[in-house]
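Chemist: Can you keep this structure in mind? I'll have questions shortly.
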Amino acid sequence: MVSQRTLVVGIAAFAMLSIVSADVSHIVGQENPVTDACLSCICEASSGCDASVRCSGDVCGMFRITWAYWADAGKPVQSGDSPDSQNAYANCANEPYCAARTVQGYMRKFGQDCNGDGVIDCFDHAIIHKLGGYNCKNQVPIVYQSKIDECIQRKAVEYGANQPQQ
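FYI, the numbering for the sequence shown is -22 to -1, 1 to 144, going by mature numbering (1 follows the signal peptide of the UniProt record, and there is no 0).
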C-alpha cells in the first residue's frame, strides 16, 4: 500500500516535471547552443580572430564584445574574478575562452531564427552576434555576412557536411 505522503510527493514531482517540460521553446538542444566551428566563424568575421585585439571604443576582444552584450550574457568572469569588479568585463572579453563563454551565454538568452528558415543555426547566431538579440531581423552588413558565409562554407568542407549546425 502506498502512503498518502508518497502519493502526494509523487504527484507533486509529476506536476513539476510536466510544467518544466511543457515549455521548451527557449532550449536549443544543448547547454552551449553555438558550436566551436560557428564560434570560430563569428570570431573570424568580427576581428580576424586576432587574439592581440584588446578594447577599442566600446568593444573588447576578438569577438568585439560590448559591456551590454557581456552583461546580457550573464557577466561571465575568469577564475578568481568577480562580476562586480571594475575590470571584469574587459578581462573576460579580452580572454578567448571567457569571451567564447560570453557568446554562448548571449545566444542562450537571445537565440532565435533571424533569417526565417525555420532553424536556429550558425547563420542566426552570427546575425545575433553582430546586430544584437533585438535587431536580428535587420539588414546585416555585407562585409560581415560575406565573411560568415565564406567561413561556414570552408568549415562545411573541413567537416564534410553541408554546413556546421548552430
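Built from N, CA and C at the ideal position, the CB exists for glycine as well.
So, is residue 115 buried or exposed, given that buried needs 16 or more other C-beta atoms within 10 angstroms?
Modeler: Per the 10 Å Cβ criterion, exposed.
Chemist: Return the chain-ordered list of same chain residues with a C-beta closer than 6 Å to the C-beta of residue 66, the five sequence neighbours on each side being excluded.
Modeler: 55 and 59.
Chemist: Can you pull the DSSP bridge partners for residue 34?
Modeler: Paired residues: 37.
Chemist: Once the 5 residues before and after residue 33 are set aside, which same chain residues still bring their CB inside 8 Å of it?
Modeler: Result list for residue 33: 39, 68, 71 and 72, in chain order.
Chemist: Buried or exposed for residue 83, going by 16 or more other Cβ atoms inside 10 Å?
Modeler: By the neighbour-count rule (16 or more Cβ atoms within 10 Å), residue 83 is buried.
Chemist: So, using beta-carbon positions, are residue 122 and residue 24 closer together than 9 Å?
Modeler: Taking 9 Å as the Cβ cut-off, residue 122 and residue 24 qualify as a contacting pair.
Chemist: Using a 10 Å radius around the Cβ and a threshold of 16 neighbouring Cβ atoms, would you call residue 18 buried or exposed?
Modeler: Residue 18 should be labelled buried.
Chemist: Nearest CA to the CA of residue 93: which residue from 13, 103, 85 and 86?
Modeler: Closest option to residue 93, Cα to Cα, is 103.
Chemist: Do you know offhand how far residue 77's Cα is from residue 124's?
Modeler: Roughly 23 Å between the two C-alpha positions.
Chemist: Which of the three DSSP states, helix, strand or coil, is assigned to residue -2?
Modeler: With a pLDDT of only 26 at residue -2, under 50, the local geometry of the prediction cannot be trusted, and the value read off the model is given with reservation. Three-state result, residue -2: helix.
Chemist: Given a threshold of 16 other Cβ atoms within 10 Å of its Cβ, counted over all protein chains shown, does residue 96 qualify as buried or as exposed?
Modeler: So residue 96 ends up on the exposed side.
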